[in-house]
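Okay, structure first, notes after.
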Amino acid sequence: MSKVQTGLRYSAEHEWIDDAAPATIGISEVAADALGEIVYVELPELGANITAGQVVGEIESTKSVSEIFSPVAGEVVEVNEDVVADPALVNSEPYGAGWLFRVAVTEEGPLLSAEQYAADNGAEL
1 MSKVQTGLRY SAEHEWIDDA APATIGISEV AADALGEIVY VELPELGANI
51 TAGQVVGEIE STKSVSEIFS PVAGEVVEVN EDVVADPALV NSEPYGAGWL
101 FRVAVTEEGP LLSAEQYAAD NGAEL
């Protein structure tokens, strides 16, 4: 069973976000497990202004290609080049070294608590 990390908030599209400034964004273990072996990650460009709910990149696995949606609006201030070089980090450490990008947040989209996200997705805390 996939784990949901407490202390983070989640989008219905399976992205997580922390409360730091700038905010770190990644995909949940639920999504990483569903995708299977991740082989390619395309992230937003540094300096890009992104909008909550909009597609900002994609993740490709041996099974499928999935879009990455931004849970917030703001400016991309950092991208995780380690994940671009080694996409498997998203599978092995989705809440750690497998983070995707950081945003100087100006507005949040709809977010779920860890408890709500776990209940909605049959995961455990």
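Here the UniProt record's numbering is used: the first residue of the sequence shown is 1, the next is one more, and so on. C-beta: ideal position from N, C-alpha, C; glycine also.
For the beta strand (DSSP E) holding residue i, just list the boundary residues, first then last.
i	result
E124	Looking at the DSSP string, E124 is not in any beta strand (DSSP E), and its letter there is neither H nor E.
residue 150	Any question about residue 150 goes unanswered here, given that the chain covers just 1 to 125.
V105	101-108
L41	Looking at the sequence itself, residue 41 is Val, so the reference to Leu does not match. Start and end: 38-42.
V4	Here V4 belongs to no beta strand (DSSP E), and DSSP marks it neither H nor E.
So residue i and residue j are in contact, right, with Cβ under 8 Å, and what is the actual spacing, rounded?
i	j	result
A104	G74	5 Å
N121	W99	Contact doesn't hold; Cβ gap of about 19 Å is too wide.
S2	D33	5 Å
List the endpoints of the continuous alpha helix (DSSP H) containing residue i.
i	result
E29	29-35
V90	89-92
E81	81-85
What's the call for residue i, buried or exposed, on a 16-neighbour Cβ count within 10 Å?
i	result
P71	buried
A118	buried
S64	exposed
V36	Note on identity: in this sequence residue 36 is Gly, with Val being the wrong assignment. Exposed, because fewer than 16 other Cβ atoms sit within 10 Å of the Cβ of G36.
D41	According to the sequence displayed, residue 41 carries Val and not Asp. Classification of V41: buried, given that the 10 Å Cβ count is 16 or more.
What do you reckon, is the C-beta of residue i under 8 Å from a heavy atom of the ligand ADP?
i	result
S92	No copy of the ligand ADP appears in this structure; indeed no ligand is present at all.
Just to confirm my understanding: we take residue i, look at its own chain, exclude 5 residues before and 5 after, and list those with CB closer than 8 Å. What are they?
i	result
E107	A52, V72, A73, G74
Who are the near neighbours of residue i in its chain, counting only those whose CB is closer than 7 Å to its CB and skipping five residues on each side?
i	result
V39	E60, S61, T62, P87
H14	I27, S28, V30, A31
For residue i, which residues of its own chain have a beta-carbon under 6 Å away from its beta-carbon, when the five flanking residues on both sides are left out?
i	result
R102	P22, T24, V77, E78
G96	none
Three or more C-beta pairs closer than 8 Å, one from the stretch 81-97 and one from the stretch 46-58: is that the case here? no
Any chance the stretch 3-21 sits against the stretch 38-48, with 3 or more Cβ pairs inside 8 Å? no
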